[in-house]
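Student: Line by line, the protein sequences give chains A and B.
Using the numbering used here, the first residue of the first sequence is number 1, and each one after it goes up by one.
Using the numbering used here, the first residue of the second sequence is number 153, and each one after it goes up by one.
C-beta atoms are modelled at their ideal positions from N, C-alpha and C, and glycine is treated no differently.
Note that the structure is predicted; figures quoted are calculated from it, not measured.
Protein chains: 2
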Amino acid sequence: MSRTRPLPAAEPCPWDEIPGRLRATGMRWTPQRRTLVRVLQSMEGHVSAAEIIERCRAEDATTTPSTVYRTLDVLEDLGVVCHGHAGDGREEYHVLPQAPHGHFYCDGCGAVLEIRDELAKEVVRLLEAHLGFEIDLSHLTLSGRCRGCREE
Amino acid sequence: MSRTRPLPAAEPCPWDEIPGRLRATGMRWTPQRRTLVRVLQSMEGHVSAAEIIERCRAEDATTTPSTVYRTLDVLEDLGVVCHGHAGDGREEYHVLPQAPHGHFYCDGCGAVLEIRDELAKEVVRLLEAHLGFEIDLSHLTLSGRCRGCREE
DNA sequence: TTGGTTGCAAACACTTTGCAGCTGA
DNA sequence: TCAGCTGCAAAGTGTTTGCAACCAA
Numbered sequence: 001m002s003r004t005r006p007l008p009a010a011e012p013c014p015w016d017e018i019p020g021r022l023r024a025t026g027m028r029w030t031p032q033r034r035t036l037v038r039v040l041q042s043m044e045g046h047v048s049a050a051e052i053i054e055r056c057r058a059e060d061a062t063t064t065p066s067t068v069y070r071t072l073d074v075l076e077d078l079g080v081v082c083h084g085h086a087g088d089g090r091e092e093y094h095v096l097p098q099a100p101h102g103h104f105y106c107d108g109c110g111a112v113l114e115i116r117d118e119l120a121k122e123v124v125r126l127l128e129a130h131l132g133f134e135i136d137l138s139h140l141t142l143s144g145r146c147r148g149c150r151e152e
Numbered sequence: 153m154s155r156t157r158p159l160p161a162a163e164p165c166p167w168d169e170i171p172g173r174l175r176a177t178g179m180r181w182t183p184q185r186r187t188l189v190r191v192l193q194s195m196e197g198h199v200s201a202a203e204i205i206e207r208c209r210a211e212d213a214t215t216t217p218s219t220v221y222r223t224l225d226v227l228e229d230l231g232v233v234c235h236g237h238a239g240d241g242r243e244e245y246h247v248l249p250q251a252p253h254g255h256f257y258c259d260g261c262g263a264v265l266e267i268r269d270e271l272a273k274e275v276v277r278l279l280e281a282h283l284g285f286e287i288d289l290s291h292l293t294l295s296g297r298c299r300g301c302r303e304e
């Protein structure tokens, strides 16, 4: 299973390279994969497995969860998505992560903010300096309360 | 359910105050709770629900998961533990958090480090300054690779 | 006594897997 | 053709809940 891989694929794979990259390793470019990839393209950012499945079903009512999960695994190997866990522990997929970033979930209002670029680097650097850990920020979602909810 | 509460209880509850605090609100101090509390006392830090259940079963073979989960919920309201999610999305409990701190899990060797005190404050401050989020670090476990595993 | 607790079993949500048949290359 | 892929159904996980019996206060 790809999710036991230590760290996400090094370089992200552009959308239009996907069919070729699949075929290059003997894999197939099927209608179901076309649907999933089209859906993912319209969802850049963070998405739950449930959302992905629902959107696929909207495009193709015959979509099956197992196929979606299996294909997401394949796409994760290609670096198109990488998965982590939302605050409630469910699978969460990050689409086409260009730079290391995490997500921030507000317990109060449910808002989600991305922790990206400079800030992500800063956090990574800080933790690395203190603990010697190379953090995989893209794999997690922090939780807390946003400014708005704190002022209530 | 207590796990929908916005943030963990403000002040941690010393072990010996637990019986009294329970009774004060009409709750009972039962053998099962005694067992669980004893087990938790011997496990300060991060523990998975499975570990807690297993250890309880070692002390009392009749221990039931449902009772453990329910009691952990009660103890979370008292501030004795607070729960989050491990890297794989399972429930994880932090026992008697004295100061805000998170955990760091190494994908390589499985080592767990605590992110505490100064470093935790620094991270919290950083994220707060940039995003306006009041982070609940105790609610999460970061993942990545530790120094040792990176050098392999 | 009596309402909080417990144990059991069943329900749950989500994800994974086995397998026979289908299909892209 | 023929491996990879799909759909289905079934099995897992890990956690939660309903309920009757139980027992701490």
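Using DSSP bridges, identify the partner residues of residue 94/A.
Tutor: 46/A, 82/A
Student: Determine the direct distance from the alpha carbon of residue 125/A to that of residue 235/B, and round the result to whole angstroms.
Tutor: 27 Å
Student: Can you pull the chain A neighbours of residue 282/B, defined as C-beta to C-beta under 7 Å?
Tutor: The answer, in chain order, is 119.
Student: For residue 95/A versus residue 40/A, is the C-beta spacing smaller than 8 Å?
Tutor: yes
Student: Measure from the C-beta of residue 220/B to each C-beta in chain A and report whether the shortest distance is under 8 Å.
Tutor: No, its Cβ sits nowhere closer than 8 Å to a Cβ of chain A.
Student: When you compare each of 77/A, 36/A, 91/A to residue 58/A by their alpha carbons, which one comes out closest?
Tutor: 36/A
Student: So, helix, strand or coil for residue 15/A, using DSSP?
Tutor: helix
Student: Could you work out which residues of chain B lie near residue 89/A, taking near to mean beta carbons separated by less than 8 Å?
Tutor: Residues of chain B whose Cβ lies closer than 8 Å to the Cβ of residue 89/A are, in chain order, 237, 241, 242, 243.
Student: Apart from the five residues on each side of it in sequence, which residues of its chain come closer than 6 Å, Cβ to Cβ, to residue 185/B?
Tutor: 223
Student: Hey, how far is the Cα of residue 241/B from the Cα of residue 92/A?
Tutor: 10 Å
Student: Once DSSP output is grouped into helix, strand and coil, what is the label at residue 129/A?
Tutor: Helix.
Student: Any beta carbon of chain A sitting closer than 8 Å to that of residue 321/B?
Tutor: Residue 321/B lies beyond the residue range present for chain B, which begins at 153 and ends at 304; the question has no answer from this structure.
Student: May I have the straight-line CA-CA distance separating residue 119/A from residue 113/A, to the nearest angstrom?
Tutor: About 12 Å.
Student: Suppose the cutoff is 8 Å on Cβ atoms and the five residues either side in sequence are ignored; what does the same chain contact list for residue 153/A look like?
Tutor: Examination of residue 153/A is not possible in this model, given that chain A is present from 1 through 152 alone.
Student: Please tell me whether residue 53/A and residue 63/A are closer than 8 Å, where the distance is taken between their beta carbons.
Tutor: Contact flag set, yes.
Student: Determine the closest residue to residue 183/B out of 194/B, 176/B, 171/B, 177/B, with distance taken between C-alpha atoms.
Tutor: Put simply, of 194/B, 176/B, 171/B, 177/B the residue whose alpha carbon is nearest the alpha carbon of residue 183/B is 171/B.
Student: So that I know if they touch, is there some Cβ in chain B lying closer than 8 Å to that of residue 72/A?
Tutor: no
Student: Suppose you measure from the CA of residue 56/A to the CA of residue 45/A; what does that come to, to the nearest Å?
Tutor: 16 Å
Student: By DSSP, does residue 26/A sit in helix, in strand, or in coil?
Tutor: coil
Student: Measure the alpha-carbon distance for residue 275/B versus residue 123/A and round it to whole angstroms.
Tutor: 6 Å
Student: For residue 38/A, tell me which candidate among 16/A, 24/A, 48/A has the shortest Cα-Cα distance.
Tutor: 16/A
Student: Helix, strand or coil: which one does DSSP assign to residue 20/A?
Tutor: Helix, per DSSP.
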